[in-house]
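For reference, the structure discussed in these notes is given below.
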Amino acid sequence: MGHLDHAAFGWLTPVLSYVMACTGAALGLRCTVRALGATGHSRRNWLITAASALGTGIWTMHFVAMLGFAVGGTDIRYDVPLTVLSLLVAMVVVCAGVFAVGYGRDRTRALLIGGLTTGVGVASMHYLGMAAVRLHGDVSYDPTRVALSVLIAVVAATAALWAALNIKSPIAVTVASLVMGAAVSSMHYTGMFAVRVHVTPSGAVLPGATAMQFIFPLAVGLGSYLFLTSAFVALSPTTGEREASASAQQPLESGAVRGPARTV
């Protein structure tokens, strides 16, 4: 049995991964709030942005945490196609859940379906990412902890979608994002504590890329996307601000049409 280290760099990777999860959750919630106040193409675009933010945040959280994953007695490599597939799965399932809530007529039903779909999808992303791990040995899982991690993912996804429907104020969104970040991190580490590795020493070269060759640059790129998109959303006027601006301009425009009063 190989010794597993889930924080090879100390608290750096757990803390940084939590920040990524919180950032993705905050951005996703804000975009969903904007979407629910919009119509037509604007709603669709905000929902797509929300889904990409949540999916990116969850995936980045997972693989930033994986940078700190080490197994005694063996190197670790990552299968590139499977790793990219895990990212696509995260995007697609989160998008499905967000759109179910954004366009669902029955909010309760949409919330339950969206939460279940998204939660199972997030768990699938996690275990696809683990399937991409290449090492000298065999990987197995504790079924009870795997089931618990899936349950946490479903509950966390349902809570996130509920928050998107019911939480409007920036302060409440911030608190919800911190809770969601903790839930996503808990799901990840519960799944990781389910891992068992039986190491088979070997001098053969492992296939795939190292974490620093592939995972780190991709995580940095996606993290930059999250922060840049956060800045864009923060600077974009809300529906209420646009309506207030339009209302303020109407008296000015009507006055300009009437022109100055003529004196006799």
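Position in the sequence shown (first residue = 1) + 43 = my numbering.
Think of the CB as a built atom: it goes at the ideal place given N, C-alpha and C, for glycine as much as any other residue.
On a predicted model such as this, the values are computed, not experimentally measured, just so you know.
Is the Cβ-Cβ distance between residue i and residue j less than 8 Å?
i           : j           : result
residue 89  : residue 154 : no
residue 132 : residue 171 : yes
residue 66  : residue 267 : no
residue 203 : residue 223 : yes
residue 120 : residue 261 : no
residue 175 : residue 125 : yes
residue 116 : residue 276 : no
residue 269 : residue 99  : yes
residue 137 : residue 166 : no
residue 227 : residue 134 : no
residue 123 : residue 259 : no
residue 195 : residue 230 : yes
Once DSSP output is grouped into helix, strand and coil, what is the label at residue i?
i           : result
residue 188 : helix
residue 49  : coil
residue 210 : coil
residue 241 : strand
residue 77  : helix
residue 178 : strand
residue 120 : strand
residue 284 : Because residue 284 sits at a pLDDT of 46, beneath the cut-off of 50, its placement in the model cannot be relied upon, and the following sentence gives the value as read from the coordinates. Helix, per DSSP.
residue 141 : helix
residue 113 : strand
Measure the C-alpha to C-alpha separation of residue i and residue j and round it to an integer number of angstroms.
i           : j           : result
residue 191 : residue 233 : 7 Å
residue 64  : residue 200 : 12 Å
residue 92  : residue 185 : 36 Å
residue 152 : residue 62  : 31 Å
residue 146 : residue 72  : 16 Å
residue 143 : residue 80  : 16 Å
residue 68  : residue 82  : 22 Å
residue 74  : residue 216 : 11 Å
residue 189 : residue 59  : 24 Å
residue 159 : residue 193 : 10 Å
residue 157 : residue 106 : 24 Å
residue 347 : residue 240 : Absent from the model: residue 347. The displayed extent of the chain is 44 to 307, so no value can be given.
residue 187 : residue 84  : 44 Å
residue 308 : residue 78  : Nothing in the structure corresponds to residue 308, since the chain is present only between 44 and 307.
residue 140 : residue 211 : 19 Å
Since residue i contacts residue j with CB under 8 Å, what's their CB separation in whole angstroms?
i           : j           : result
residue 179 : residue 244 : 6 Å
residue 163 : residue 198 : The pair is not a contact, with the Cβ atoms about 12 Å apart (cut-off 8 Å).
residue 235 : residue 49  : 6 Å
residue 238 : residue 55  : Rounded, the Cβ-Cβ distance is 20 Å, inconsistent with contact.
residue 113 : residue 207 : Contact flag wrong, Cβ pair sits at about 36 Å.
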